[in-house]
Amino acid sequence: MAGLWNDYNENAISSAVDYFAGFLEKPDKSELRQWVEAHVPATEVFTEDMDDGDLIDNEELLDPFPKFAEDFSPVSERWDMFCTVYEEITGDWLQEWGNFDSEVLKDVTKLFRLFVDKPNEEIEEWVMDNINPSWALKYAHDYESEIDIIFSTMGEEPFIEFYEKFAPDTKDWIWCCGLLIDMGADGIEEIDFYEE
133 MAGLWNDYNE
143 NAISSAVDYF
153 AGFLEKPDKS
163 ELRQWVEAHV
173 PATEVFTEDM
183 DDGDLIDNEE
193 LLDPFPKFAE
203 DFSPVSERWD
213 MFCTVYEEIT
223 GDWLQEWGNF
233 DSEVLKDVTK
243 LFRLFVDKPN
253 EEIEEWVMDN
263 INPSWALKYA
273 HDYESEIDII
283 FSTMGEEPFI
293 EFYEKFAPDT
303 KDWIWCCGLL
313 IDMGADGIEE
323 IDFYEE
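Anchor point for the sequence shown: position 175 equals 307 in our numbering, and the numbering is continuous, going up by one each time.
Next up, the structure:
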């Protein structure tokens, strides 16, 4: 695709590079330029006033975003925002635990292990399959923050699915449910967590 970019002025590719650089905390624009030339169809759309949704929906771009996620493993607040829009449009969350900070996975797994009496090795696998890794989780400072972030980005569904799979019954689970109800989780209210 590099040859095609030569048909446009410098502003076209510079704008594309700047757009993708915005997802990275420490972008190497020289490396990004080579990546854009190789993986993004030449276009002037990045010079226009378009939001993330417009670019995701733009068929001419051939959806370079999964490849970008694979090659650069971005972790930033800006990338979280983009991933949220991307999921709303496509149904896919671009970040994966396999190329994410393993310490964040451990922390989130530890949170969900609080909700069951006996250690369950399946919980980490469940977290990888059901909880979206995100920049916000990386900077969560306690369990309450993690619950808030998961609920605000994914809703109550992961917690209901966890309940259905693991039948949690600890005091920490009741505490979690109280937080979720305060946050507006209507589905949580329909489950009798206090039943003996």
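Virtual Cβ for every residue (Gly too), placed ideally from N, Cα, C. These numbers come from a predicted model, not from an experiment.
Open item on the list: Taking 6 Å as the limit between beta carbons, can you name the residues of its chain near ASN141, skipping five residues before and five after?
Closed with: none
Task: Contact set for VAL236: own chain, Cβ-Cβ below 6 Å, skip 5 residues either direction - done: LEU269, LYS270
Task: Contacting residues, own chain, Cβ-Cβ under 6 Å from LYS199 (five flanking each side not counted) - done: HIS171
Open item on the list: Considering only the alpha carbon of each residue, which of ILE279, THR216, ASP150, GLY223 lies closest to THR241?
Closed with: ILE279
Open item on the list: Between GLU209, ALA174, SER208, VAL207, which has its C-alpha nearest GLU192's C-alpha?
Closed with: ALA174
Task: Alpha-carbon spacing of PHE152 relative to SER277, whole angstroms - done: Going from the Cα of PHE152 to the Cα of SER277 covers about 28 Å.
Task: Distance cut-off 8 Å: ALA201 Cβ against heavy atoms of the ligand PLP - done: Ligands in the displayed structure: none, and consequently the ligand PLP is not present.
- [ ] Using three-state DSSP, classify GLU328 as helix, strand or coil.
- [x] With a pLDDT of only 45 at GLU328, under 50, the local geometry of the prediction cannot be trusted, and no value is derived from it.
Task: Buried/exposed call for ASN143, threshold 16 Cβ in 10 Å - done: exposed
Open item on the list: In whole angstroms, give me the CA-to-CA distance for GLY223 and THR179.
Closed with: 27 Å
Task: C-alpha distance - GLU169 paired with PRO290, whole-angstrom precision - done: 39 Å
Open item on the list: Since ILE221 and ILE188 should fall inside the 8 Å C-beta cutoff, what is the C-beta to C-beta distance between them, to a whole number of angstroms?
Closed with: With a Cβ gap of about 5 Å, ILE221 and ILE188 count as contacting.
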